[in-house]
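Chains as they are written, first to last, in full-length UniProt numbering: chain V, 1 to 185; chain G, 1 to 185.
2 protein chains.
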Amino acid sequence: MQGTNTSSAGRPRSDLNAVVFAATRRTVDELGYAGATMDRIAAAAGTAKTTLYRRWPSKGALIIDCLLDAFSPMPELTEDRPASLAGAIRWLAGKIGEPGVGAAFAGVFSDAVNDPALRELLSTRFQAPYLAMLRDYLGESEQRILLFIDVITGTLLHRMGMTGRPMEDRDVELMIDMVLKTFGE
Amino acid sequence: MQGTNTSSAGRPRSDLNAVVFAATRRTVDELGYAGATMDRIAAAAGTAKTTLYRRWPSKGALIIDCLLDAFSPMPELTEDRPASLAGAIRWLAGKIGEPGVGAAFAGVFSDAVNDPALRELLSTRFQAPYLAMLRDYLGESEQRILLFIDVITGTLLHRMGMTGRPMEDRDVELMIDMVLKTFGE
DNA sequence: CCTAATACGCTACTCGAAGTAGCGTAATCT
DNA sequence: AGATTACGCTACTTCGAGTAGCGTATTAGG
Numbered sequence: 001m002q003g004t005n006t007s008s009a010g011r012p013r014s015d016l017n018a019v020v021f022a023a024t025r026r027t028v029d030e031l032g033y034a035g036a037t038m039d040r041i042a043a044a045a046g047t048a049k050t051t052l053y054r055r056w057p058s059k060g061a062l063i064i065d066c067l068l069d070a071f072s073p074m075p076e077l078t079e080d081r082p083a084s085l086a087g088a089i090r091w092l093a094g095k096i097g098e099p100g101v102g103a104a105f106a107g108v109f110s111d112a113v114n115d116p117a118l119r120e121l122l123s124t125r126f127q128a129p130y131l132a133m134l135r136d137y138l139g140e141s142e143q144r145i146l147l148f149i150d151v152i153t154g155t156l157l158h159r160m161g162m163t164g165r166p167m168e169d170r171d172v173e174l175m176i177d178m179v180l181k182t183f184g185e
Numbered sequence: 001m002q003g004t005n006t007s008s009a010g011r012p013r014s015d016l017n018a019v020v021f022a023a024t025r026r027t028v029d030e031l032g033y034a035g036a037t038m039d040r041i042a043a044a045a046g047t048a049k050t051t052l053y054r055r056w057p058s059k060g061a062l063i064i065d066c067l068l069d070a071f072s073p074m075p076e077l078t079e080d081r082p083a084s085l086a087g088a089i090r091w092l093a094g095k096i097g098e099p100g101v102g103a104a105f106a107g108v109f110s111d112a113v114n115d116p117a118l119r120e121l122l123s124t125r126f127q128a129p130y131l132a133m134l135r136d137y138l139g140e141s142e143q144r145i146l147l148f149i150d151v152i153t154g155t156l157l158h159r160m161g162m163t164g165r166p167m168e169d170r171d172v173e174l175m176i177d178m179v180l181k182t183f184g185e
């Protein structure tokens, strides 16, 4: 489901993952998550829908890989805990504000609510790495880390979903102030 | 679009809104938001799909009315501000935990991300009353109230969407502690 | 060079759910 | 009685996710 294949025989996969991800974000940005059909994404990437389904088992899986691509690499965490957390939150808010990223995130999240397989994928491939990183960094219980993630991500996505636009900087700063009172030290 | 009609002539609408709302929540609880099709909701309510569409212009509009029904009346707010806010948060978490309510909420919210008309409906009919109430009660800027709503609702929905289950009480209490540090006084 | 193996692009299909049209019938008011 | 509106029903349109199968292209290895 990823990049170049390891088996030796046969025609290798052409190197179009990056093109597809860019086309996905562009299409979502222009037409919204629902408007970004697999047909349209394929057309924007200059390939065929069947090729997409050869690489990703579902639209949700494609979007998740596209988001993983958009959200890497992870943000830096230094010894200054409050500054690092604030930086990570600004980083997440910024990513969600990038064209197509927030809408794709909210869309796949919506789909996941009703699709246990997709939820599993979202939880395992998307949330788990950040959970592990934060648990190691903060040295707090998994319960608290999970709540931290729920608060940050949930708030940003709720704003995105309610207004259709990313959260403004001054509101991000307000949220940071609030969260740091509990998780800052 | 609501209850008994005011015009005098013609056959009056039968009194089945409450039945439909209950059927909707039951169906969403049993089959999930995506599985709760208009056909199935109609069948569960003992009516016809066309009747649903005579009363609500879309599935999203039906769900929103169903949620308005489930979330009324509003919680009590007393002079004790921290206790009132904590109570309101527990009330919201409890409602979202009721069978079918959280899933319906998350589902319609998901749809709204990609549907400006539905987003408008959600914002106007659902959020606006609570925004007004909280602004009057807290006497704070609309910006801060909106963030408060984003944090509470977003966090609860994110947990619901990520795990498929409502947030546990101890996590709700943790969230209350966090939020009260900023909005408690 | 030839063959096996795999990927590609394409057309055409199935399936399911939202939403619509139209009909005959039921209930209410004047 | 007649006008008016709602109901239940069947049938339909539309659209998007996902699939099947074909001919072709590209690679590795004999």
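Note that CB positions come from ideal geometry on N, CA and C, so glycine has one too.
It should be emphasised that the depicted structure is a prediction, and the values quoted were computed from it without experimental measurement.
Of all residues in the region 115 to 127 of chain G, the ones placed with a Cβ closer than 9 Å to any Cβ belonging to chain V are D115, P116, R119, L122, S123, Q127, in chain order. Y33/G places its beta carbon less than 9 Å from that of V108/G. The CB of R159/V comes closer than 9 Å to the CB of L146, L147, D150, G154 in chain G, given here in chain order.
The beta carbon of Y130/G is closer than 8 Å to those of M74, I149 in its chain, skipping five residues each way along the sequence. Against chain V, the beta carbon of F71/G has no neighbour under 7 Å; the closest one sits roughly 16 Å away.
Taking a beta-carbon distance threshold of 9 Å, A23/G does not count as an interface residue toward chain V.
Not one beta carbon of chain V lies nearer than 9 Å to the beta carbon of S14/G. Neighbours of G32/V across chain G, judged by C-beta separation under 7 Å: N114.
The C-beta of V101/V comes no closer than 9 Å to any C-beta of chain G. Between the alpha carbons of D169/G and I89/G lies a gap of roughly 11 Å. Counted as a single uninterrupted DSSP element, the stretch harbouring P166/V is not any alpha helix (DSSP H), since DSSP gives it neither H nor E. Listed in chain order, the positions of the region 170 to 184 of chain V with a beta carbon within less than 9 Å of a beta carbon of chain G are R170, D171, L174, M175, D177, M178, V179, K181, T182, F183. Here A61/G really is in contact with L121/G; their C-beta atoms are around 6 Å apart, less than 8 Å. Within the region 37 to 67 of chain G, not one residue has a Cβ closer than 9 Å to any Cβ of chain V.
When the five nearest sequence neighbours on each side are left out, the beta carbons in the same chain lying within less than 7 Å of the beta carbon of I96/G are those of G102, F105, L156, M160, P166, in order along the chain. T27/G counts as buried, since no fewer than 16 other beta carbons sit within 10 angstroms of its beta carbon.
The C-alpha of G164/G is placed about 9 Å away from the C-alpha of A112/V.
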